[in-house]
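In what follows, a single structure is set out as structure tokens and then discussed.
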Amino acid sequence: MADFLGMMKQAAQLQSKMQAMQDELGNVEVEGISGGGLVAVRMTAKMEVKGIKIDPSLMKPEEREVLEDLLVTALGDARRKAETAMQEKMMALTGGLGLPPGFGPT
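Structure follows, in structure tokens:
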């Protein structure tokens with residue numbers, strides 16, 4: 004019975020830490036870059052886009068397709084960085100809990 008109570012306590016602690024981590028992920032920001040810095044996208048680790056910067060040299064009608072491609076690339080870069088930040092937070096959270104394989108980030 005003591006093992007079961009210990010597991011329940013550990014589960015409650017994990018749930019509390021998961022909620023705190025979710026709150027914290029909204030404050031972690033990454034920046035995706037493309038075109039050597041011509042386009043930059045700022046995003047939280049919760050995948051919320053916070054801002055986009057576009058170099059003025061791309062603000063020409065004939066550069067529209069280039070700008071569209073650079074935006075897609077910068078958003079993808081920011082998403083990958085946000086996912087990495089989220090995985091790092093998960094590892095920090097679950098790393099010391101002694102969870103069996105398959106019960107943590109993959």
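Under the working numbering, the first residue of the sequence shown carries the number 4, and numbering increases by one thereafter. Virtual Cβ for every residue (Gly too), placed ideally from N, Cα, C. This one's a predicted model, so the numbers in the text were calculated from it and none came from an experiment.
As assigned by DSSP and simplified to three states, the class of residue i
{"i": "Glu91", "result": "helix"}
{"i": "Met50", "result": "coil"}
{"i": "Lys20", "result": "helix"}
{"i": "Val44", "result": "strand"}
{"i": "Val33", "result": "strand"}
{"i": "Lys56", "result": "strand"}
{"i": "Gly79", "result": "helix"}
Rounded C-alpha distance that separates residue i from residue j
{"i": "Glu68", "j": "Ala88", "result": "30 Å"}
{"i": "Gly39", "j": "Gln90", "result": "26 Å"}
{"i": "Ser60", "j": "Glu71", "result": "14 Å"}
{"i": "Ile55", "j": "Asp80", "result": "13 Å"}
{"i": "Met93", "j": "Gln22", "result": "11 Å"}
Beta-carbon proximity check, residue i vs residue j, cutoff 8 Å
{"i": "Val31", "j": "Val44", "result": "no"}
{"i": "Leu28", "j": "Ala15", "result": "no"}
{"i": "Leu73", "j": "Leu41", "result": "yes"}
{"i": "Met24", "j": "Leu96", "result": "yes"}
Outcome for residue i when other beta-carbon atoms lying within 10 angstroms are tallied against a minimum of 16
{"i": "Gly11", "result": "Correcting the residue type first, residue 11 is Met in the shown sequence and not Gly. Met11 comes out exposed."}
{"i": "Asp26", "result": "exposed"}
{"i": "Met46", "result": "buried"}
Closer than 8 Å to chain D by CB, residue i
{"i": "Leu70", "result": "In the structure shown, chain D does not exist; there is a single protein chain."}
_the segment 31 to 46 in contact with the segment 78 to 89 per 3-pair CB rule at 8 Å_ = yes
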